[in-house]
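Structure record follows, encoded as C-alpha cells.
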Amino acid sequence: MKEKGAEATVRVTEGKVLKNRKVKKYRHRQLDKKIREERTETEVKLMKEAIKYGVNAPRPEKKDESKIEMEKIDGRPVKEIIGEKPEIIEYLGENIAKLHSANIIHGDLTTSNALYDEGLYVIDFGLAFHSDRIEDRAVDIHLLKQVLNSSHPEVADEAWKSFLQGYRSYEESDEVLEQLEEVEKRGRYK
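Just so you know, our numbering puts 75 at position 84 of the sequence shown, and the rest follows in order with no gaps.
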C-alpha cells in the first residue's frame, strides 16, 4: 500500500513503514536536499524522544537523508472508529500530555494521525518541533478540536471531553486550556 502526502510518500510493507520525503522541484536542488535532510533528522529525533517519554509512537530508524523506516502499527485510524468509540480520544489526551511535558509539539494533531489497536499510537511527526511555549501547545490542541468539530460533529463534544480527561495529566494543562480560549477568540474575530 502506498500513500502520497504533501511532504512524503508512505509505503507499508510487511511489518515496516517506509516514509520518503519527496523532492520539491520548485526549490533549488541543494536547498531542497538540505531541507529534506533536516526535516527527516528532526522527525526521527523527536519520535525517539517522544517514545523515551512514554508516548506510544512507531519506532523509527533513519535510512538515508530523506527516508525513515519505522515499525508498522497494526491498527485503525482513529478517524474511522471515533464515531463508535469517542472515549478512545482520552488515550490521545494522555499521549499528548506526555508529548507536551517533553516540550514536543506534534504540529498536525488530527484523528488521521492516531491509530488504535489495544492502545492508541500517535503517528506522523513530520511537522513536530520543540517548544516550551504555552501558545504552541494551545495551537497544537486547537487543531484537534477543529478536526473533531468539522469531521466528527456527531461525537465532537463527547470526544473533546474525553481528550481533556487524558490531557489533564499534563501539569500545565490549565494554562494551556486558558491559552486555547485566547487562540479561539483570535480565530473568531479575524
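Just so it is clear, CB atoms sit at the ideal spot from N, CA and C, and this is done for glycine as well. Computed from a predicted model, the values in this text were never measured in an experiment.
- In this structure, 164 is the residue among 164, 116 and 114 with its C-alpha nearest to the C-alpha of residue 129.
- Distance check between residue 52 and each of 144, 106 and 7 places 7 closest, using alpha-carbon atoms only.
- When C-beta atoms of the stretch 105 to 120 are compared with those of the stretch 136 to 144, fewer than three pairs fall below 8 Å, so the two segments do not count as touching.
- In this structure, the beta-carbon distance from residue 123 to residue 98 does not fall below 9 Å.
- Rounded to whole angstroms, residue 17 and residue 175 show a C-alpha spacing of 35 Å.
- Proximity to residue 61 across 2, 171 and 93 peaks at 2, based on C-alpha coordinates.
- If you look at residue 13, you'll find it isn't in any beta strand (DSSP E); DSSP assigns it neither H nor E.
- By the neighbour-count definition (other C-beta atoms within 10 Å, threshold 16), residue 167 is a buried residue.
- According to the DSSP assignment, residue 58 belongs to the beta strand (DSSP E) that extends over 58 to 62.
- By the C-beta density criterion, residue 76 is exposed, having fewer than 16 other C-beta atoms within 10 angstroms.
- As a beta-bridge residue in DSSP terms, residue 111 pairs with 107.
- For residue 52, the uninterrupted beta strand (DSSP E) run begins and ends at 51 to 55, by DSSP.
- Residues of the same chain with a CB within less than 6 Å of the CB of residue 127, apart from the 5 flanking positions on each side, are 96 in chain order.
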